[in-house]
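Colleague: Here it is, the structure in full.
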Amino acid sequence: MTGLGIDLGTINTLICDDNSRILLNEPSVVTLNHKTGEIEAIGLEARRMLGRTPEHLEVVMPLRDGVINHFDLTREMLRLFIRKAFDGPRLLGTRLVICVPTETTQIERRAVRETGLALKASEVHVVEEPMAAACGTGLPIEQPRGGMVVDIGGGTTEIAVISVCGIVCSGSVRVGGSHMDEAIVQHIRRKHNMLIGYDTAEKLKHALGRAEQPGENSDVMQIKGRDLVRRLPKIMSVTRSDVCEAIVDQVSAILRAIRRTLERTPPELSADIKARGITLTGGGAMLGGFADLIQRDTGIEVRVAPDPLLSVALGAACLLRNSALLERVQIPYL
0 MTGLGIDLGT
10 INTLICDDNS
20 RILLNEPSVV
30 TLNHKTGEIE
40 AIGLEARRML
50 GRTPEHLEVV
60 MPLRDGVINH
70 FDLTREMLRL
80 FIRKAFDGPR
90 LLGTRLVICV
100 PTETTQIERR
110 AVRETGLALK
120 ASEVHVVEEP
130 MAAACGTGLP
140 IEQPRGGMVV
150 DIGGGTTEIA
160 VISVCGIVCS
170 GSVRVGGSHM
180 DEAIVQHIRR
190 KHNMLIGYDT
200 AEKLKHALGR
210 AEQPGENSDV
220 MQIKGRDLVR
230 RLPKIMSVTR
240 SDVCEAIVDQ
250 VSAILRAIRR
260 TLERTPPELS
270 ADIKARGITL
280 TGGGAMLGGF
290 ADLIQRDTGI
300 EVRVAPDPLL
310 SVALGAACLL
320 RNSALLERVQ
330 IPYL
């Protein structure tokens, strides 16, 4: 029996098979045609339309800040992604593991499960993303020893202390990579009277972003946008200091959430975390210097997962190969 693991993320959706082979990695975006009421495009094709559509087309992100914002669109997007990744219109005899943010409601989780069943999957299991990320990074979650995972995603940062196949203590803050992009857009607008797009902001974050302010020597990147005074296209240089200054509030919010979770962790598990360290996953884990900053702030060793962007999907594949473990960690179906 074949299996598919799905990371239903705010920014990207990933689908892999039970051999950990990535079949699909595309933005969680759809383009809605208001004339026909139908979906015009999904994924990368829809993302390319952002900011470039006529009035009757709307580019929508169905998930926002770690929760399902557009219920029906999310279900349809998931259905189309599965059909795109899987060779065939139906999943007859296929097992699905779908990973969802922790703050999704029971109704939303049920809808995700029923979407898989409607495609004729033989089994559909729903798992919380931090649990899957722990599996994907190789944490021995079955042991009676605590381990902490910090999953910095696009719309939310989720922190989980895991022991004996369960989340003992958790925290969540609606801050992630997309909020850093928004902060960079607003900072460039306020400081330089220039409007840039979110794609440009994301490129600035990847190229120049760091968790801490740099020293005097600061790298520079040229960007294109619109001058808000002259209302004409403009090219200017942005420094690393500009980008770091823009995202300082988001970095601080994530640090506070980690500290709050550690403060609520039982003493025995706190000792385990001190010994085993904290594991960072998600796109935000790749922000320069972030692991070092968390380590200095908490006094606990921090390691970045080998494939931080793929950790949740790889964890889903791992669970597909271990049915007994999957039964223990999945969200009960009500």
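Read in order, the letters of the sequence shown are residues 0 to 333 in numbering that gives the first Met the number 0. Cβ coordinates follow ideal geometry from the N, Cα and C atoms, glycine included. Everything numeric in this text was worked out from a predicted model, so none of it was measured.
Measuring only between beta-carbons, confirm whether Cys243 sits less than 8 Å from chain C.
Modeller: Structure shown: chain C not included; a single protein chain is present.
Colleague: Using the rule of at least 16 other Cβ atoms within 10 Å of the residue's Cβ for burial, across every protein chain shown, is His186 buried or exposed?
Modeller: The sequence position of residue 186 within the sequence shown is 187, counting from 1. Looking at its Cβ environment, which holds 16 or more other Cβ atoms inside 10 Å, His186 is buried.
Colleague: Could you tell me if Lys190 is buried or exposed, where buried requires 16 or more neighbouring beta carbons within 10 angstroms of its beta carbon?
Modeller: Locating residue 190 in the sequence shown gives position 191, where the first residue counts as 1. Counting Cβ neighbours within 10 Å, Lys190 comes out exposed, since fewer than 16 surround it.
Colleague: What residues match up with Ser171 in a beta bridge as DSSP calls it?
Modeller: The residue you call residue 171 lines up with position 172 of the sequence shown. Its beta-bridge partners are Glu157.
Colleague: Restricting to Cα atoms, I'd like to know which of Leu13, Thr30, Val29 is closest to Leu22.
Modeller: Taking the sequence shown and counting its residues from 1, the one referred to as residue 22 is at position 23. Closest by alpha carbon: Leu13.
Colleague: Taking the CB atoms as reference points, tell me whether Gly384 and Cys15 lie closer together than 8 Å.
Modeller: With the chain represented from 0 up to 333, any question about residue 384 goes unanswered, as that position is not in the structure.
Colleague: Run through the DSSP bridge pairs and tell me what Asp150 is partnered with.
Modeller: The count along the sequence shown starts at 1 and reaches residue 150 at position 151. DSSP lists Glu157, Thr280 as partners of Asp150.
Colleague: Using alpha carbons as the reference points, say which of Val228, Val184, Thr278, Arg275 lies closest to Ala245.
Modeller: Taking the sequence shown and counting its residues from 1, the one referred to as residue 245 is at position 246. Of Val228, Val184, Thr278, Arg275, the residue nearest in Cα terms is Val184.
Colleague: Tell me which residue opens and which closes the alpha helix (DSSP H) that Cys164 is part of.
Modeller: Within the sequence shown, the letter at position 165 stands for residue 164. Looking at the DSSP string, Cys164 is not in any alpha helix (DSSP H), and its letter there is neither H nor E.
Colleague: Check whether the region 156-166 touches the region 287-302, counting contact only when three or more Cβ pairs, one atom from each stretch, lie closer than 8 Å.
Modeller: At 8 Å Cβ cutoff, the stretches do not touch.
Colleague: Quick check on DSSP: helix, strand or coil for Val28?
Modeller: Taking the first residue of the sequence shown as position 1, residue 28 is located at position 29. Reduced to three states, the DSSP call for Val28 is coil.
Colleague: If distances are taken between C-alpha atoms only, which option among Met193, Ala274, Leu268 comes closest to Arg230?
Modeller: Along the sequence shown, read from residue 1 onward, the residue named residue 230 stands at position 231. Comparing Cα positions, the closest option is Met193.
Colleague: In whole angstroms, what separates the C-alpha of Glu113 from that of Gln105?
Modeller: The residue given as residue 113 occupies position 114 in the sequence shown. The residue given as residue 105 occupies position 106 in the sequence shown. Distance between the alpha carbons of Glu113 and Gln105 is about 12 Å.
Colleague: When the Cα of Asp291 is compared with those of Ala210, Glu102, Val149, which residue comes out closest?
Modeller: Stepping through the sequence shown from its first residue, residue 291 is reached at position 292. Of Ala210, Glu102, Val149, the residue nearest in Cα terms is Ala210.
Colleague: Per the contact definition of three or more C-beta pairs closer than 8 Å, is the region 141-157 in contact with the region 168-175?
Modeller: The region 168-175 vs the region 141-157: in contact.
Colleague: Is it the case that the region 113-129 contacts the region 71-84, given that we only count it when at least three CB pairs across the two stretches are under 8 Å?
Modeller: They touch, by the three-pair rule.
Colleague: Pair every Cβ in the region 223-241 with every Cβ in the region 138-149, then say whether three or more of these pairs are closer than 8 Å.
Modeller: No, because fewer than three Cβ pairs between the region 223-241 and the region 138-149 fall closer than 8 Å, the two stretches do not touch.
Colleague: Output the distance between the C-alpha atoms of Ile67 and Thr238, rounded to the nearest integer angstrom.
Modeller: As a position in the sequence shown, residue 67 is number 68, starting the count at 1. As a position in the sequence shown, residue 238 is number 239, starting the count at 1. Distance between the alpha carbons of Ile67 and Thr238 is about 35 Å.
Colleague: How big is the Cα-Cα spacing for Ser328 and Ile166?
Modeller: Translated into positions along the sequence shown, residue 328 becomes position 329. Translated into positions along the sequence shown, residue 166 becomes position 167. It should be noted that the sequence gives Val, not Ser, for residue 328. Rounded to whole angstroms, Val328 to Ile166 spans 9 Å at the Cα level.
Colleague: Would a C-beta distance cut-off of 8 Å place Cys243 and Gly208 closer than the cut-off?
Modeller: If you number the sequence shown from 1, residue 243 lands on position 244. If you number the sequence shown from 1, residue 208 lands on position 209. In this structure, Gly208 lies closer than 8 Å to Cys243 by Cβ.
Colleague: Can you tell me whether Ile338 is buried or exposed? The criterion is at least 16 other CB atoms within 10 Å of its CB, across all chains shown.
Modeller: Because the chain in this structure spans residues 0 to 333, residue 338 falls outside the shown range and cannot be described.
Colleague: Who are the near neighbours of Arg275 in its chain, counting only those whose CB is closer than 6 Å to its CB and skipping five residues on each side?
Modeller: Translated into the one-based positions of the sequence shown, residue 275 becomes position 276. Here the set comprises Gly146.
Colleague: From this set, Ile253, Leu318, Asp218, Arg259, which residue's C-alpha is nearest Asp241's C-alpha?
Modeller: Locating residue 241 in the sequence shown gives position 242, counting from the first residue. The shortest Cα separation from Asp241 among Ile253, Leu318, Asp218, Arg259 belongs to Asp218.
Colleague: Please state whether DSSP places Ser177 in a helix, a strand or coil.
Modeller: Sequence index remark: in the sequence shown, residue 177 carries index 178 (1-based). Ser177: helix per DSSP, three-state reduction.
Colleague: Could you tell me the boundaries of the alpha helix (DSSP H) in which Glu44 lies?
Modeller: Position 45 of the sequence shown, counted from the first residue, corresponds to residue 44. Here the alpha helix (DSSP H) through Glu44 covers 42-47.
Colleague: Please list the segments of the alpha helix (DSSP H) lying wholly inside the region 84-139, counting only runs of 4 or more residues, in order along the chain.
Modeller: Fully enclosed alpha helix (DSSP H) runs of 4 or longer: 105-117, 128-135.
Colleague: In terms of alpha-carbon separation, which member of Leu79, Thr101, Leu95 lies closest to Ser169?
Modeller: Here residue 169 refers to the residue found at position 170 of the sequence shown. Nearest option by C-alpha distance: Thr101.
Colleague: For Glu201 and Asp180, what's the separation of their Cα atoms in angstroms?
Modeller: Sequence index remark: in the sequence shown, residue 201 carries index 202 (1-based). Sequence index remark: in the sequence shown, residue 180 carries index 181 (1-based). Those two C-alpha atoms are separated by around 6 Å.
Colleague: Rounded to whole angstroms, what is the Cα-Cα separation between Val125 and Ile97?
Modeller: Counting from 1 along the sequence shown, the entry for residue 125 is found at position 126. Counting from 1 along the sequence shown, the entry for residue 97 is found at position 98. Going by the C-alpha atoms only, they are around 5 Å apart.
Colleague: Less than 8 Å between the C-beta atoms of Thr278 and Ala304, yes or no?
Modeller: Counting from one through the sequence shown, the residue named residue 278 turns up at place 279. Counting from one through the sequence shown, the residue named residue 304 turns up at place 305. Yes.
Colleague: Helix, strand or coil for Thr76? Go by DSSP, reduced to three states.
Modeller: Position 77 of the sequence shown, counting from 1, holds the residue named residue 76. A small fix is needed here, since residue 76 is Met in this sequence, not Thr. Note: Met76 maps to helix in three-state DSSP.
Colleague: What do you get for Ser322, buried or exposed, if any count of 16 or more other CB atoms within 10 angstroms of its CB means buried?
Modeller: Here the question's residue 322 lines up with position 323 in the sequence shown. Per the 10 Å Cβ criterion, exposed.
Colleague: Going by DSSP in three states, Glu211 sits in which element: helix, strand or coil?
Modeller: Indexing the sequence shown from 1 puts residue 211 at position 212. Glu211 falls in the coil class under three-state DSSP.
Colleague: Considering only DSSP beta bridges, list what Ile67 is partnered with.
Modeller: On the sequence shown, residue 67 is found 68 positions in, with the first residue counted as 1. Leu62.
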